[in-house]
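Residues 0 to 579 in numbering that gives the first Met the number 0 are what the sequence shown lists, from first letter to last. The block underneath contains the structure these notes are about, expressed in structure tokens.
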Amino acid sequence: MQRGNKAGSLEPHPLSAAFRRFRWAFATAGLFSCFVNLLMLSGPLYMMQVYDRVLTSRSIPTLVALSVLVLALYVISGLLEHIRSRLIVSVGNAIEQDLRRPVFSRMLDNAIRRTSDSGTQPIRDLDMVRQFHAGPAPFGLFDLPWAPIFLAVTYLIHPVLAALTAAGALILFAIALINEFAVKSGSQIAYAAQVEANMIAEQSMVASDVLHALGMKQSYADVWEDRHRRAVEQQRHAANRAGIFSSASKTVRTAMQSAVLGVGAYLVLQSEMTAGAMIAASIIAARALAPVEQAIGNWRTYLSYRQAKARLRQMLTPNVGRSGEPMRLPRPAGHLRLDGVAISAPGAAKPLLVNLNFELRPGDGLGIIGPTGSGKSTLARTITGIWPQLAGTIRLDQAEINQWSAEQFGRYIGYLPQDVTLLGGTIEANIARFDRDPDPEAVIRAAKLANVHDLILKLPDGYNTRIGTGGLDLSGGQKQRIALARALYGDPVLLVLDEPNANLDADGEAALSTTLADMRAAGAAVIVVAHRPSAIKSMNLLLYVRDGRQVAFGPKAEMLAKLGMAGPADRGVSLSVVGE
């Protein structure tokens, strides 16, 4: 259940808030940049004094004094630059720390709502923001405003040299503008191609068993390689363009520095300036042009950073019309009511289910049956808050489910999806839903209730057995029973199970029926999406859906008689084809 801000809310955008929180740090870095750039004048001024005073006066004490002074200034400049660097790196890490949880949460929401196909790209975008602050690019931005100041100092030495330096700066700015237009579109195309290639790679990891079993590894590798080749090709084109402009800017800067030196030599011959001033002007002119050249050299980095920030800003933009985090409500009893509910897949306007009306009280057990594709799993996802409804209301103890925060609502329900997924970690962590402070007694109680406790104890490390990547590979039935224990953890008041017996044998199905009966006896409302009759053995109510509509709802015995399926558990009739 995704949450956001009300329209017109004064609460700032998360990305803006994260950067605003460190304005003081950027201001401090800017102040340090002032001193660092001022201290850069110490070298040229030192040379002027050595050429114009020391060499003419042949005064060794003056040379020693000037050398000690400039050495001290160099040390101070180095310390300030080191502090500035550490400050900006720390800011990048802190911004990433502030945003990592909102980005991860919204990334999951987008996957659930199917509002984005970028996969884990938001995490990489956040890494890009952090890495940008850890690199040299930000310092070029801090130094760029000092280019006019160095130009002014050059003017004080001689206006002709300042005019020559200004001409070089204008040429570099023109190169920078052309670079922006030439590289931007190629970088965007390369990004889109790389995202597509990454998505294919991620999908191949999920479906690795199928790819191997069906001999599809090479053919699917061809698909990935084709997308990846496109991305690399676009990146190469963008890098080539950026390289051309970077080389051009470096050529212009070195040529202008030599030109300043040459013109300065002419002015010295004309007795319009001293040799020391000529050397100093050449160095200061180079400092005036260096930030512009550095900006062009880091242009692809700037561009990637800006694009990453723009994507993060778009993704983290709060939903209009949604309130903030809801007030915490008391633990519900498990009274569920649906009134006039219509459901569609995320992003789709056409409803998959319409006019759903039924009610469950604590201790009730509901079996949802109907043909394949009739919307049973869709209903389960909506009741658990994964998908929003198009119309109508879903209430848990008189409160609409969107009045609960996703975290709080999730604590009170148990959900077993049709496609069981266990996450990388220990079995204990999976059952405890990766709670930071799990209750061992609650974990064992859930495992025993799911009749999987003895099975876990037989594993190599018991509850500490690691599963997932690099861990123990469990069978489908073992995964399903552990996932059932996860659904039962915390004594949920509402239990929603989507084909919970899909991978179970006869003993497992019998244990499941006992578990469901125990949950109902404890006061939980239980919902089971069923294709096999044994799954509804412990239920007292049935809901029959077909063609996106609620056909019938009522006591199980009456419903089975009405549908001509009296005693289906004994006859082994498939519930997925009822009414066809």
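Every residue, glycine too, gets a C-beta built ideally from N, C-alpha and C. Small disclaimer: the values here were computed from a predicted structure and weren't measured.
- Just so you know, the alpha carbons of ASP434 and MET106 end up roughly 20 Å apart.
- TYR543 sits in a strand when the DSSP states are folded into three classes.
- Scanning its chain for C-beta atoms nearer than 8 Å, with the 5 sequence neighbours on each side dropped, one finds around LEU171 the residues SER248, VAL251, ARG252, LEU288, VAL291, GLU292 and ILE295, in chain order.
- Setting aside the 5 residues that flank it on each side, PRO325 is surrounded in the same chain by GLN402, TRP403 and SER404, each with a C-beta closer than 7 Å to its C-beta; the list follows chain order.
- Ranked by Cα distance from THR392, the options ARG57, ARG336, ILE367 and ILE122 are led by ARG336.
- Every unbroken stretch of the alpha helix (DSSP H) spanning 4 or more residues and falling wholly within the region 212-288 is given here in chain order: 216-268.
- Straight-line measurement puts the Cα of TYR304 at about 11 Å from the Cα of GLY134.
- The three-state secondary structure of GLN549, taken from DSSP, is strand.
- Inside the region 375-444, DSSP marks whole beta strand (DSSP E) runs of 3 or more residues at positions 388-395 and 412-415, from first to last along the chain.
- The straight-line gap separating the alpha-carbon atoms of VAL152 and ARG99 is approximately 45 Å.
- Using a C-beta cut-off of 8 Å, the region 510-529 makes contact with the region 361-373, since at least three inter-stretch Cβ pairs fall below that distance.
- Check the Cα spacing between ILE122 and each of PRO101, ASP517, VAL49 and GLY139: the tightest is with PRO101.
- Only exposed fits VAL74, as fewer than 16 other CB atoms lie within 10 angstroms of its CB.
- Look at ASN297 here: in three-state DSSP terms it is coil, with no helix or strand label.
- The beta carbons of PHE21 and ALA93 sit closer together than 8 Å.
- The DSSP-derived three-state label of PRO532 is helix.
- DSSP lists ILE466 as the bridge partner or partners of LEU471.
- Where PHE357 is concerned, the enclosing beta strand (DSSP E) starts and stops at 352-359.
- Under the 8 Å Cβ criterion, the region 528-538 does not count as touching the region 334-353, having fewer than three qualifying pairs.
- According to the DSSP assignment, VAL495 belongs to the beta strand (DSSP E) that extends over 493-497.
- Taking every protein chain shown into account, the CB of PHE141 has 16 or more other CB atoms within 10 angstroms, so this residue is buried.
- Here ARG105 carries a helix assignment [DSSP, helix/strand/coil].
- VAL495 is a Cβ neighbour of ILE412, given a cutoff of 8 Å.
- Secondary structure of ARG336 (DSSP, three-state): strand.
- DSSP places ALA486 within a helical segment (H, G or I) once states are collapsed to three.
- Membership of LEU559 in the alpha helix (DSSP H) is indicated by the continuous run 555-561.
- Between the alpha carbons of LEU40 and MET277 lies a distance of about 14 Å.
- Residue environment for ASP460: exposed (fewer than 16 other C-beta atoms within 10 angstroms of its C-beta).
- Here the alpha carbon of GLY167 sits roughly 59 Å from the alpha carbon of GLY467.
- Inter-segment contact for the region 482-498 and the region 544-554 is absent: fewer than three beta-carbon pairs are separated by less than 8 Å.
- As the crow flies, the alpha-carbon of THR316 is around 19 Å from that of MET127.
- Straight-line spacing of the CA atoms in LEU70 and ALA64 works out to 10 Å.
- Within the DSSP bridge table, the entry for ALA524 names LEU493 as partners.
- Taking LEU86 as reference, the option from ALA24, SER257, MET46 and LEU30 with the minimal CA-CA separation is ALA24.
- Taking the C-beta atoms as reference points, LEU62 is found no nearer than 8 Å to PHE31.
- A direct Cα-to-Cα measurement between ARG83 and LEU143 gives close to 15 Å.
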